[in-house]
Amino acid sequence: MPNMKIAIAFSLAASAAAFAPSQTSSRTSMQVDAALDDLKTIAEKSNPVLKFYDPLQLSSSKFWGESQDASIAFLRHSEIKHSRIAMAAFVGYIVHANGIHFPWPMTLDGTPFPSSNSPPEIWDALPDASKWQIILFIGFLEMYSEMTGTHYMRGGQPGKFPSFKDGKIPHSMPLDLYDPFGFSKNKSAAAKERGLVSELNNGRLAMIGILGFLAEQKVTGSVPLLTQIGSFPHYNGEVMAPFG
0 MPNMKIAIAF
10 SLAASAAAFA
20 PSQTSSRTSM
30 QVDAALDDLK
40 TIAEKSNPVL
50 KFYDPLQLSS
60 SKFWGESQDA
70 SIAFLRHSEI
80 KHSRIAMAAF
90 VGYIVHANGI
100 HFPWPMTLDG
110 TPFPSSNSPP
120 EIWDALPDAS
130 KWQIILFIGF
140 LEMYSEMTGT
150 HYMRGGQPGK
160 FPSFKDGKIP
170 HSMPLDLYDP
180 FGFSKNKSAA
190 AKERGLVSEL
200 NNGRLAMIGI
210 LGFLAEQKVT
220 GSVPLLTQIG
230 SFPHYNGEVM
240 APFG
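Going letter by letter, the sequence shown gives residues 0 to 243 in numbering that gives the first Met the number 0.
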């Protein structure tokens, strides 16, 4: 499954880059050294045992002709974003595997939600129109985050989703996607740093977790721990094919 291999490679690549803050003024060697030093510091905080681990030397790479610090910012943003997706997927998998869904019908014509306890099969059972709504909404969020505010490769903060309240949305949005209730805005810098490290570690575990769930369903017995603790119905479909 080449798509899965690519996804895993990007996850591992991003993990190697950790949370190094990007430098945005002149592109001097001193600034690059500072960025790498910060990268190593945060890597040690996120994993005191493994510490800084970059076997592919991605932290010294330059992607698409960009500077080294812009490339590091890209890897940081990629990992944070994929971490959040993986955490949502992990929780969503558990919810659907336990048969939990909204109490109302799935579609306007009264079609109920699928009754299967296999999350991949539940996705397959969704009408194409439902799948497109989800995919297009995610695409909108991606486009909005790339086009609004200071880009993370140009001095913006990797992982920070821009506010909906800056006037670029045609209609008012009462809540933001990031920190909708404002719980984080008054936290200290130290508390925010601890939160970022926790998010990084939880996201890495979630990536392993959701891939473990899918692997166990695709190849029964491939994850012995999951085989022992629960029953995961075998899935005959293609987990990387949204319309398969």
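The C-beta atom is built at its ideal place from N, Cα and C for all residues, glycine as well.
It should be emphasised that the depicted structure is a prediction, and the values quoted were computed from it without experimental measurement.
{"Query": "Cα-Cα separation between residue 191 and residue 155, rounded to whole angstroms", "Result": "16 Å"}
{"Query": "Proximity winner among 239, 185 and 195, relative to residue 209 (alpha-carbon distances)", "Result": "239"}
{"Query": "Cβ-Cβ separation, residue 110 to residue 102 (assumed contact under 8 Å), whole Å", "Result": "Between residue 110 and residue 102 the Cβ distance is about 14 Å, and since that is not below 8 Å, they are no contact."}
{"Query": "Residue of 115, 171, 81 and 174 minimising C-alpha distance to residue 141", "Result": "81"}
{"Query": "Simplified DSSP state of residue 100, which is helix, strand or coil", "Result": "coil"}
{"Query": "Three CB pairs or more closer than 8 Å across the stretch 37 to 47 and the stretch 187 to 206", "Result": "yes"}
{"Query": "Local Cβ density within 10 Å of residue 228, reported as buried at 16 or more and exposed below that", "Result": "exposed"}
{"Query": "Contact the stretch 87 to 98 vs the stretch 51 to 71: 3+ CB pairs below 8 Å", "Result": "no"}
{"Query": "N-terminal and C-terminal residue of the alpha helix (DSSP H) that residue 191 is part of", "Result": "188 to 217"}
{"Query": "Straight-line gap, residue 158 to residue 71 (C-alpha atoms, nearest Å)", "Result": "13 Å"}
{"Query": "C-alpha distance - residue 224 paired with residue 50, whole-angstrom precision", "Result": "27 Å"}
{"Query": "Three-state secondary structure assigned by DSSP to residue 74", "Result": "helix"}
{"Query": "Uninterrupted alpha helix (DSSP H) stretches inside the stretch 117 to 185 (no shorter than 4 residues)", "Result": "118 to 124 and 127 to 146"}
{"Query": "Supposed contact pair residue 118 and residue 236 - C-beta distance, whole angstroms, cut 8 Å", "Result": "The Cβ separation is near 11 Å, so there is no contact."}
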